[in-house]
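Novice:
Residue numbers (the UniProt record's numbering): 1 to 301.
(1) What does the Cβ neighbour count give for residue 254, buried or exposed, with the cut at 16 atoms within 10 Å?
(2) Please return the same chain residues whose Cβ sits closer than 7 Å to the Cβ of residue 297, not counting the five positions on each side in sequence.
(3) Pull up the distance between the alpha-carbon of residue 52 and that of residue 149, whole angstroms please.
(4) What three-state label does DSSP hand residue 269 in the structure shown?
(5) Can you list, in chain order, the stretches of the alpha helix (DSSP H) that have 4 or more residues and sit fully within the segment 84–154?
(6) Cα-Cα, which of 50, 263, 159 and 132 is closest to residue 20?
(7) May I have the straight-line CA-CA distance separating residue 171 from residue 267, to the nearest angstrom?
(8) First and last residue of the alpha helix (DSSP H) that includes residue 67?
(9) By a C-beta neighbour count over all protein chains shown, 10 Å radius and 16 as the cutoff for buried, is residue 165 buried or exposed?
(10) Tell me whether the beta-carbon of residue 33 lies closer than 8 Å to the beta-carbon of residue 111.
(11) Whose C-beta lies closer than 8 Å to the C-beta of residue 140 among residues of the same chain, with five residues either side of it excluded?
(12) Residue 287 and residue 305 - do their beta-carbons sit closer together than 8 Å?
(13) Out of 160, 50 and 3, which has the shortest C-alpha to C-alpha gap to residue 85?
(14) Count the other CB atoms, across all protein chains shown, that sit within 10 Å of the CB of residue 3; report buried if there are 16 or more and exposed otherwise.
Below is the structure:
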């Protein structure tokens, strides 16, 4: 099997996992507060990523970092998982999954905009066009199709969802200067973030967790969305001979996610969700197309 085929299989496996997490979020939040869900998921992901590092023979790398890199792990851990998932789970707690999930996908566009002041990249006209198309989709979804009234179904939930995109994009901009092994870095971020999440959970809603389906769903999120999916996607990017083809698989995920949301959660998918999601994906496609054109130019240069 060629490296590119392996990359596509890793990418498809990742996309399949990402497609299930919006449903898992809602199942977990049925009986758990967002901070309780975060505690369970973060603990599960720490165990899984630690196990992956041991299995790959890279556990020693956890102890081979400088003092500055361990301090960096604390700082990045406060951003992801602490702040990012606080916003994301807060959005899913307040909004239907079909609304919260597409709004979160606009993080890629936020990343492009933040890269202008922080990474010195140029803002082009196609970036602005992509933004207009994407955020038109956001308005359609957030107003459930009542665009002219601009009456949002849950303004705080929408703010949480869009806030998560800002935090996630900021995290990746900081990560561009991160020289740690990616899995080691994520493991340490979650490990150092876990005590802060535990304290926040104990102080707000307590550490008593209900047993049952919600707890199992939270563990699923930690194992797959926060742990295994990241490792699979890293492998896909590492093996890819054509990264654009693998990256395009991401566009399948939100539509496949609606299938799980409909059949498992029983949410009736609104026409406004389809329209808004299509606009968001079209905007992201425009933005990705610009990046691919620039990469082809660099390759031929």
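Note that CB positions come from ideal geometry on N, CA and C, so glycine has one too. The model shown is predicted, which means the values in this text are computed figures rather than measured ones.
Specialist: Taking the definition as stated:
(1) In the chain shown, counting from the first residue as 1, residue 254 sits at position 254. By the 10 Å Cβ count, residue 254 comes out buried.
(2) On the chain shown, residue 297 is found 297 positions in, with the first residue counted as 1. Low per-residue confidence applies at residue 297: pLDDT is 41, beneath 50, and the placement is therefore not dependable enough to give any value.
(3) Residue numbering aside, residue 52 sits at position 52 when the chain shown is read from its first letter. Residue numbering aside, residue 149 sits at position 149 when the chain shown is read from its first letter. Rounded to the nearest angstrom, the gap between the Cα atoms of residue 52 and residue 149 is 50 Å.
(4) Start at 1 with the first residue of the chain shown, and residue 269 comes out as number 269. Residue 269 falls in the coil class under three-state DSSP.
(5) 84–94, 97–104, 107–119 and 125–142
(6) If you number the chain shown from 1, residue 20 lands on position 20. For the residues 50, 263, 159 and 132, the minimum Cα distance to residue 20 belongs to 263.
(7) Counting from 1 along the chain shown, the entry for residue 171 is found at position 171. Counting from 1 along the chain shown, the entry for residue 267 is found at position 267. Distance between the alpha carbons of residue 171 and residue 267 is about 32 Å.
(8) Here residue 67 refers to the residue found at position 67 of the chain shown. Segment 67–77, the alpha helix (DSSP H) holding residue 67.
(9) In the chain shown, counting from the first residue as 1, residue 165 sits at position 165. Looking at its Cβ environment, which holds 16 or more other Cβ atoms inside 10 Å, residue 165 is buried.
(10) As a working mapping, residue 33 is identified with position 33 in the chain shown. As a working mapping, residue 111 is identified with position 111 in the chain shown. With respect to the 8 Å criterion, residue 33 and residue 111 are not classified as neighbours on the basis of their beta carbons.
(11) As a working note, residue 140 is residue 140 in the chain shown. Around residue 140, the same chain offers 147, 272, 275, 276 and 279 as residues with beta carbons nearer than 8 Å, after the five sequence neighbours per side are excluded.
(12) Residue 305 lies beyond the range of the chain shown here (1 to 301); nothing can be said about it.
(13) What you label residue 85 is simply residue 85 of the chain shown in a count that begins at 1. Put simply, of 160, 50 and 3 the residue whose alpha carbon is nearest the alpha carbon of residue 85 is 160.
(14) Position 3 of the chain shown, counting from 1, holds the residue named residue 3. By the neighbour-count rule (16 or more Cβ atoms within 10 Å), residue 3 is not buried but exposed.
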